[in-house]
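Taking it in order: structure first as C-alpha cells, then the write-up.
2 protein chains.
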Amino acid sequence: MLKYQQVANQIELYIEQHQLQQGTKLPVLESLMDEFSASKSTIIKALDLLEKKGLIFQVRGSGIFVRRKSRMGYINLLSNQGFKKDLEEFDITSEMLQLDVVKPTQEVADNLQIDYDQGVYYVKRIRYINGQTLCVEESYYDKSVVTYLNKQIVTESIFHYVTEGLGLNIGFSEMYIKTGKLTEEEANYLHLKQGDPKLVMESIFFLSNGKPFDFSKVTYNYEQSQFFLLGSGI
Amino acid sequence: MLKYQQVANQIELYIEQHQLQQGTKLPVLESLMDEFSASKSTIIKALDLLEKKGLIFQVRGSGIFVRRKSRMGYINLLSNQGFKKDLEEFDITSEMLQLDVVKPTQEVADNLQIDYDQGVYYVKRIRYINGQTLCVEESYYDKSVVTYLNKQIVTESIFHYVTEGLGLNIGFSEMYIKTGKLTEEEANYLHLKQGDPKLVMESIFFLSNGKPFDFSKVTYNYEQSQFFLLGSGI
DNA sequence: TTGACTAATTATACCTATACAATTATAATG
DNA sequence: CATTATAATTGTATAGGTATAATTAGTCAA
Chain A
54 MLKYQQVANQ
64 IELYIEQHQL
74 QQGTKLPVLE
84 SLMDEFSASK
94 STIIKALDLL
104 EKKGLIFQVR
114 GSGIFVRRKS
124 RMGYINLLSN
134 QGFKKDLEEF
144 DITSEMLQLD
154 VVKPTQEVAD
164 NLQIDYDQGV
174 YYVKRIRYIN
184 GQTLCVEESY
194 YDKSVVTYLN
204 KQIVTESIFH
214 YVTEGLGLNI
224 GFSEMYIKTG
234 KLTEEEANYL
244 HLKQGDPKLV
254 MESIFFLSNG
264 KPFDFSKVTY
274 NYEQSQFFLL
284 GSGI
Chain P
54 MLKYQQVANQ
64 IELYIEQHQL
74 QQGTKLPVLE
84 SLMDEFSASK
94 STIIKALDLL
104 EKKGLIFQVR
114 GSGIFVRRKS
124 RMGYINLLSN
134 QGFKKDLEEF
144 DITSEMLQLD
154 VVKPTQEVAD
164 NLQIDYDQGV
174 YYVKRIRYIN
184 GQTLCVEESY
194 YDKSVVTYLN
204 KQIVTESIFH
214 YVTEGLGLNI
224 GFSEMYIKTG
234 KLTEEEANYL
244 HLKQGDPKLV
254 MESIFFLSNG
264 KPFDFSKVTY
274 NYEQSQFFLL
284 GSGI
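Keeping their order, the protein sequence lines are chains A and P.
Numbered according to the working numbering, the first sequence terminates at residue 287, and the numbering increases by one at each position without gaps.
Numbered according to the working numbering, the second sequence terminates at residue 287, and the numbering increases by one at each position without gaps.
Here you go:
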C-alpha cells in the first residue's frame, strides 16, 4: 500500500481506537513527520485524504482537528468515506430474486454507453438492514466488463468480486435521487402500501478508465432509509 | 486568488466554453505546465480539485479526460461542485415568512453546539424553482457568528452575505436526508396533500475553524425535487 | 486594572523542483 | 497475430522555501 494511505489509515485507526471527540487536536505536522518518518508533503497528502473523507479538518495557524458526525443510524451516501465502523454498524444482507443475461432497454444502453445488441447482466435483489426490508434493487452490468456472475457472488458482494475477483478498478460514480409514490409491485416487496413515499436512487458506476459498467435503480423503504453526506471545502 | 484555483477555473472555463464532451482528452501535464507557467505540483493540485468536483478524471499512463454528468434538471447535493452553469440552469427565488431572534430548542442548541440561553436567528422561507414551490426551509443561525440579518439579506442569499459581507469562511457541512409523509401544514405550503411523500434534508454548516453556525431543516416538494451527486475516488 | 494595539511565535497553506515508479499506448519484432 | 520492447503519461515521494492565518504574549495608554 502507498505510504500516504498507510499514514492516513493509521491516523484513522488511532482516532477510532481512542474514540477521539469532535474538536480534539491532533499532533502538529512536524510531530507526524517524525512519528511516521515521512516528508511534509506525504503527511499533507494523508491529511488531505482524511479531510476529504470528513474525518478531520485543518485550520491554518492553529492545527489539525478531529471531525465526527453528530448522528448515528444513517447510511453514508458516499460509502467509501468515514470510519469503517460506520459500515459495520448495520447488518445488511441480500436475497436474490432474478439473475439473467438480457438485451438492454434504451435507458440501460444509454446509461451504460453500449449498443442495444450487447448483452448485460440483469440482477434483481431485495436488501435487508437489521432484518428489515431496506430496498429493492435492479442492477444492470455490462457483460463485456463483468464477464461472469452467479448466485453466490450476487448474494454476497458484487463490488468485492469486481475489484478482487476480476481485478478491476472502480473510479467514480453518478447518483440521481428523487422521491415519489410506491407502485403496487414495489409496495409488496417492501411490505408497505401503494402510494406510500419512496426514495429512488439511480446510480452509474464507472471504472477508473472512464467506462460505465453498472447501472442500478434502487427503491428504498421510506421508514428504514436515512442517509448522510459529509461535505468539505465549500 | 490562489494559483491552483486560477488554473482550475481556467480549465473549467475552457471545458465549458468549448462544450467538451465526456471522454475528451485534455492536454498532457507538461503542456498545462507550460501554458499556465506553473510547476507540476500546482497543475496536479488544480487537476485534483477538478477531479473532486467531478469535472475530469485522470488515467495514469493515458491522460486527463473530461467528465460530464449525463442528465440535466437535477440539483447538486454538494452545490459547490460542478460547472457554474448548472447553478444558473435554475431560477431559484425566495419568499420570507418569518425572521426572528429566538431562544434555541434543545435540538437546535445541540446541532449548533451552543447554550440554551444564547440567541439564534430563526428564518423561515419558501423557495421557488422556475416559479414552482420547491421547498419550505427553517434555518437557525448562531447569533454570535451571524450578528445581523434583515429581510433583504434573507430574501437574497444568506451565504453570500456570510462570506462576503461578514468575511467568514465556510469550511464543511453535514447533511442528513430522509423521506416521510407531509403534515397538513407542510402540505399547505407546498400545495400538495397531507400524507404525500416528502424529502427532508437537515444540514449543519461549519466555519473553517470548525464552529457550526447554521442548522437548517428543509422539506422538499416531491414533484419538483431531483438531486444528483458525483463521487470520485471510490 | 482593563482594554486595545503590536509583535513574536506557531502552524498550516502554497509553490517550486526533482527523481523515480507504475500504467497505458504504441511501435517493433518474430 | 501475438509478444515484446519502447515511449508517453500520470502518480508517488522527498526536500525546501515563501506566504498567510491564528494564537499568544507583551506593551502601552486610558
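Beta carbons are placed, not taken as given, at the ideal position from N, Cα and C, and that holds for glycine.
Problem - Sub-9 angstroms separation of leucine 130(P) and leucine 100(A) beta-carbons - result: no
Practice task
Write down the C-beta distance between lysine 122(P) and leucine 283(P) rounded to the nearest angstrom, noting that I regard them as a contact closer than 8 angstroms.
Solution key: 6 angstroms
Problem - Neighbouring residues, chain A, relative to leucine 283(P) (Cβ below 9 angstroms) - result: Phe225, Ser226, Glu227 and Met228
Exercise for the section: Could you spell out the range, first to last residue, of the alpha helix (DSSP H) harbouring serine 256(P)? Expected result: That residue, serine 256(P), is in no alpha helix (DSSP H); its beta strand (DSSP E) goes 250-260.
Exercise for the section: Pull up the DSSP beta-bridge partners for glutamate 217(A), would you. Expected result: Beta-bridge pairing links glutamate 217(A) to no other residue.
Handout entry: Simplified DSSP assignment, three categories, for lysine 246(P)
Key = coil
Exercise for the section: For proline 157(A), decide whether its Cβ has a neighbour in chain P, counting only Cβ atoms nearer than 9 angstroms. Expected result: No, its Cβ sits nowhere closer than 9 angstroms to a Cβ of chain P.
Exercise for the section: Pull up the distance between the alpha-carbon of aspartate 87(P) and that of glutamate 238(P), whole angstroms please. Expected result: 60 angstroms
Problem - Simplified DSSP assignment, three categories, for tyrosine 273(P) - result: strand
Exercise for the section: Quick one: list the residues of chain P neighbouring phenylalanine 268(A), beta-carbon separation under 9 angstroms, in chain order. Expected result: Correct list: empty, because the minimum Cβ distance to chain P is about 10 angstroms.
Problem - One or two residues paired with valine 119(P) in a DSSP bridge - result: Ile109(P)
Handout entry: Buried/exposed call for aspartate 195(A), threshold 16 Cβ in 10 Å
Key = buried
Problem - Counterpart residues of aspartate 228(P) in DSSP-defined beta bridges - result: First, the amino acid is wrong: residue 228(P) is methionine here, not aspartate. Looking at the DSSP assignment, methionine 228(P) forms a beta bridge with Leu282(A) and Ser256(P).
Exercise for the section: Spell out whether any CB of chain P is found under 9 angstroms from the CB atom of arginine 124(A). Expected result: Using beta-carbon distances, arginine 124(A) counts as an interface residue toward chain P, with a partner under 9 angstroms.
Practice task
Using a Cβ cut-off of 9 angstroms (strictly closer), state whether glutamine 279(A) contacts chain P.
Solution key: yes
Handout entry: Top-ranked residue by Cα proximity to tyrosine 181(A), from Asn262(A), Asp163(A), Thr208(A) and Ile257(A)
Key = Thr208(A)
Exercise for the section: Take threonine 236(A) and list the residues in its own chain whose beta-carbon comes closer than 7 angstroms to its own, dropping the five residues that flank it on each side. Expected result: Gln247
Exercise for the section: Give the range of the alpha helix (DSSP H) segment to which methionine 86(A) is assigned. Expected result: 82-89
Practice task
Mind checking who phenylalanine 268(P) pairs with in its DSSP beta bridge?
Solution key: Tyr193(P) and Ile257(P)
Practice task
Report back the beta-carbon spacing between glycine 184(P) and glutamine 279(P) to the nearest angstrom; my notes put them in contact at under 8 angstroms.
Solution key: At roughly 17 angstroms, the Cβ-Cβ gap does not stay under 8 angstroms, so glycine 184(P) and glutamine 279(P) are not in contact.
Exercise for the section: Assuming lysine 56(P) and proline 250(A) form a contact by the criterion Cβ under 8 angstroms, report the distance between their Cβ atoms to the nearest whole angstrom. Expected result: So it is not a contact: roughly 48 angstroms between Cβ atoms.
Problem - Cβ-based burial, arginine 178(A) [other Cβ within 10 Å; buried from 16] - result: buried
Problem - Spatial neighbours of isoleucine 97(A) in its chain, beta-carbon cut-off 8 angstroms, leaving aside the 5 residues before and after - result: Leu82
Practice task
Grab the span of the beta strand (DSSP E) containing valine 293(A) for me, first residue to last.
Solution key: Only positions 54 to 287 of chain A appear in this structure, which leaves residue 293(A) out of reach.
Practice task
Can you tell me which of the three DSSP states serine 132(A) falls into?
Solution key: coil
Handout entry: Residue from Gly263(A), Gln277(A), Phe268(A) and Gly220(A) whose Cα sits closest to the Cα of serine 115(P)
Key = Gly263(A)
Problem - Straight-line Cα distance separating leucine 150(P) from tyrosine 175(P) - result: 11 angstroms
Exercise for the section: For tyrosine 57(A), return the contacting residues in chain P, with the cut-off set at a CB-CB distance below 8 angstroms. Expected result: Going along chain P, no residue has its Cβ under 8 angstroms from tyrosine 57(A), so there is no contact; the nearest lies around 13 angstroms.
Problem - For phenylalanine 268(P) and valine 161(P), believed in contact at Cβ under 8 angstroms, the rounded distance - result: About 6 angstroms; that satisfies the 8 angstroms criterion.
Exercise for the section: List the residues of chain P that glycine 233(A) touches, going by C-beta distances under 9 angstroms, in chain order. Expected result: Contact annotation for glycine 233(A) against chain P: Pro250, Tyr275 and Glu276 [CB-CB distance below 9 angstroms, chain order].
Practice task
Indicate whether at least one CB of chain A lies closer than 9 angstroms to the CB of tyrosine 214(P).
Solution key: no
Practice task
Mind listing the chain A neighbours of leucine 221(P)? Cutoff is C-beta to C-beta under 7 angstroms, in chain order.
Solution key: Neighbours of leucine 221(P) on chain A: none; closest Cβ ~11 angstroms, over 7 angstroms.
Exercise for the section: Quick one: using the 10 Å Cβ neighbour count with 16 as the cut-off for buried, is asparagine 203(A) buried or exposed? Expected result: exposed
Practice task
Pull up the CB-CB distance for tyrosine 193(A) and valine 173(A), whole angstroms please, since I reckon it's below 8 angstroms.
Solution key: About 5 angstroms separates the CB atoms of tyrosine 193(A) and valine 173(A); that is less than 8 angstroms, so the two are in contact.
Practice task
Please state whether DSSP places valine 207(A) in a helix, a strand or coil.
Solution key: Three-state result, valine 207(A): helix.
Handout entry: Supposed contact pair isoleucine 206(P) and phenylalanine 258(P) - C-beta distance, whole angstroms, cut 8 angstroms
Key = Not really, about 16 angstroms apart at Cβ, beyond 8 angstroms.
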